[in-house]
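Student: Residue numbers (the UniProt record's numbering): 1 to 344.
Even for Gly, the Cβ is constructed at its ideal location relative to N, Cα and C.
#1: May I ask you to report which of helix, strand or coil DSSP gives residue 323?
#2: Can you tell me the Cβ-Cβ gap for residue 255 and residue 310, rounded? I've got them flagged as a contact below 8 Å.
#3: Who are the Cβ neighbours of residue 278 in its own chain at under 6 Å, not counting the five residues just before and after it?
#4: Per DSSP, what are the beta-bridge partners of residue 237 in this structure?
#5: Taking buried to mean at least 16 other C-beta atoms within 10 Å of its own C-beta, is residue 263 buried or exposed?
#6: To the nearest angstrom, how far is it from the Cα of residue 271 to the Cα of residue 234?
#7: Since residue 288 contacts residue 316 with CB under 8 Å, what's their CB separation in whole angstroms?
#8: Go ahead and label residue 329 buried or exposed: buried means 16 or more other beta carbons lie within 10 angstroms of its beta carbon, across all protein chains shown.
#9: So residue 314 packs on residue 283, CB below 8 Å; how close in whole Å?
#10: Using only the alpha-carbon positions, how far apart do residue 125 and residue 189 sit?
#11: Less than 8 Å between C-beta atoms, sequence neighbours within five positions excluded: which residues of the same chain meet that for residue 187?
#12: Between the region 160 to 167 and the region 127 to 144, do at least 3 Cβ pairs fall closer than 8 Å?
#13: From the DSSP output, in three-state form, read off residue 221 for me.
#14: Would you decide whether residue 252 is buried or exposed? Buried here means 16 or more other CB atoms lie within 10 Å of its CB.
#15: Who does residue 290 pair with in a DSSP beta bridge?
#16: Between residue 331 and residue 318, what straight-line distance do the alpha-carbon atoms span, to the nearest angstrom?
#17: In the structure shown, what three-state DSSP assignment does residue 7 receive?
#18: Just to confirm my understanding: we take residue 148, look at its own chain, exclude 5 residues before and 5 after, and list those with CB closer than 8 Å. What are they?
#19: Thinking just about the alpha-carbon of each residue, which of 59, 223, 117 and 246 is nearest to the one in residue 236?
#20: State the DSSP-derived secondary structure class of residue 331, mapped to helix, strand or coil.
#21: Between 213, 302, 76 and 320, which has its C-alpha nearest residue 35's C-alpha?
#22: Work out the CA separation of residue 69 and residue 302 for me, nearest whole Å.
#23: Can you list, in chain order, the stretches of the alpha helix (DSSP H) that have 4 or more residues and sit fully within the region 126 to 156?
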């Protein structure tokens, strides 16, 4: 957090803009000097060459002057194009830049005005990505805290109340006459189903098994819940030598797996899902593939962009796209920190 704070300008100071007067004056000087060079070269050619203009002018002289003018225009265009070519790349980057896909920068070699402009823009992207990451981390931490609070209240308060109701109904059913006992039995089953739903909601909000038994057990439980709720079988394959990632990274992996499976159940129309956790190239790789209708070329929704924000928190790489065999593939690559370590 302190690194982000240190990069911010002092209160009341104006951050350097892409169109500051100094930058624009420098660019103007560069263009002006290019034109001066072309005009001086043209003038020197006219002064020191044997070319003259008669009165009235003859056709050969018109051809020579036209050739000289064309040469000056071509040289001017080439020099200006070479000077301003980096601005095309800057425009293209400004149109496609996405803070959820960080790291894309423009090369800014040299000491000219355009190079200074590119370095200023790259620095602005650095600050924006750092501040976006910090704000996303705060927002997601608050979200997880709220989820944990709601899950605890569902389990401790509503869950206990429904359990007390179940016990009371059982006692009433034991002493009730036969016709009423049947009705009480139906009510008991309804309350029991409601209690199960409350527990499932609490488990989705804050997976206690992740804290108690670890990532692999939490993924297995998540897959079983999704299969039971949606009817779509989820096959889980886990590397037996999976290294520890730490509590924050494991929560990111779990949430992205949860969002991926939820998207499959709601939107994909899939018949089967494969989920794998593997250790490869100093990273843990989560892959979720389905055989559904595919993701298409539309704009990414809030769910996928939320997954990208979570991935940025732990320096992970997230790719979401069509699978070669049809359907959709979600691939998350989480680098393993040196020493592995568990920060629970």
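Tutor: Once the coordinates are examined:
#1: Here the question's residue 323 lines up with position 323 in the chain shown. Residue 323: coil per DSSP, three-state reduction.
#2: For this step, residue 255 is matched to residue 255 along the chain shown. For this step, residue 310 is matched to residue 310 along the chain shown. Contact flag correct, Cβ pair sits at about 6 Å.
#3: Position 278 of the chain shown, counted from the first residue, corresponds to residue 278. Contacts found: 239 and 285.
#4: Against the chain shown, residue 237 aligns to sequence position 237. Looking at the DSSP assignment, residue 237 forms a beta bridge with 276.
#5: In the chain shown, residue 263 corresponds to position 263, counting from 1. Buried, since its Cβ has 16 or more Cβ neighbours within 10 Å.
#6: To locate residue 271, count along the chain shown from 1; it is residue 271. To locate residue 234, count along the chain shown from 1; it is residue 234. One C-alpha to the other measures close to 9 Å.
#7: Within the chain shown, the letter at position 288 stands for residue 288. Within the chain shown, the letter at position 316 stands for residue 316. Rounded, the Cβ-Cβ distance is 14 Å, inconsistent with contact.
#8: Here residue 329 refers to the residue found at position 329 when the chain shown is read from its first residue. Per the 10 Å Cβ criterion, buried.
#9: Within the chain shown, residue 314 is the residue found at index 314, counting from 1. Within the chain shown, residue 283 is the residue found at index 283, counting from 1. Not really, about 11 Å apart at Cβ, beyond 8 Å.
#10: In the chain shown, counting from the first residue as 1, residue 125 sits at position 125. In the chain shown, counting from the first residue as 1, residue 189 sits at position 189. Their Cα atoms are separated by approximately 57 Å.
#11: Sequence index remark: in the chain shown, residue 187 carries index 187 (1-based). Here the set comprises 169.
#12: no
#13: Looking up residue 221 in the chain shown gives position 221. Of the three classes helix, strand and coil, the one that applies to residue 221 here is helix, per DSSP.
#14: Here residue 252 refers to the residue found at position 252 when the chain shown is read from its first residue. Classification of residue 252: buried, given that the 10 Å Cβ count is 16 or more.
#15: Translated into positions along the chain shown, residue 290 becomes position 290. The partner list for residue 290 (beta bridge, DSSP) reads 273.
#16: One-based indexing of the chain shown puts residue 331 at position 331. One-based indexing of the chain shown puts residue 318 at position 318. Each residue's alpha carbon lies about 6 Å from the other.
#17: Here residue 7 corresponds to residue number 7 of the chain shown, with the count starting at 1. Per-residue confidence for residue 7 stands at a pLDDT of 43, beneath the threshold of 50, marking its modelled position as unreliable; the derived number appears in the next sentence. Looking at residue 7 - three-state DSSP - the assignment turns out to be helix.
#18: Working through the chain shown from its first residue, we reach residue 148 at position 148. Cβ neighbours of residue 148 beyond the five flanking positions: 205 and 206.
#19: Stepping through the chain shown from its first residue, residue 236 is reached at position 236. Residue 236 has its Cα closest to that of 223, out of 59, 223, 117 and 246.
#20: For the purposes of this step, residue 331 is identified with residue 331 of the chain shown, where counting begins at 1. Note: residue 331 maps to strand in three-state DSSP.
#21: Sequence index remark: in the chain shown, residue 35 carries index 35 (1-based). The candidate whose alpha carbon is nearest that of residue 35 is 76.
#22: Counting from 1 along the chain shown, the entry for residue 302 is found at position 302. Counting from 1 along the chain shown, the entry for residue 69 is found at position 69. Using only the alpha carbons, I get a separation of about 58 Å.
#23: none
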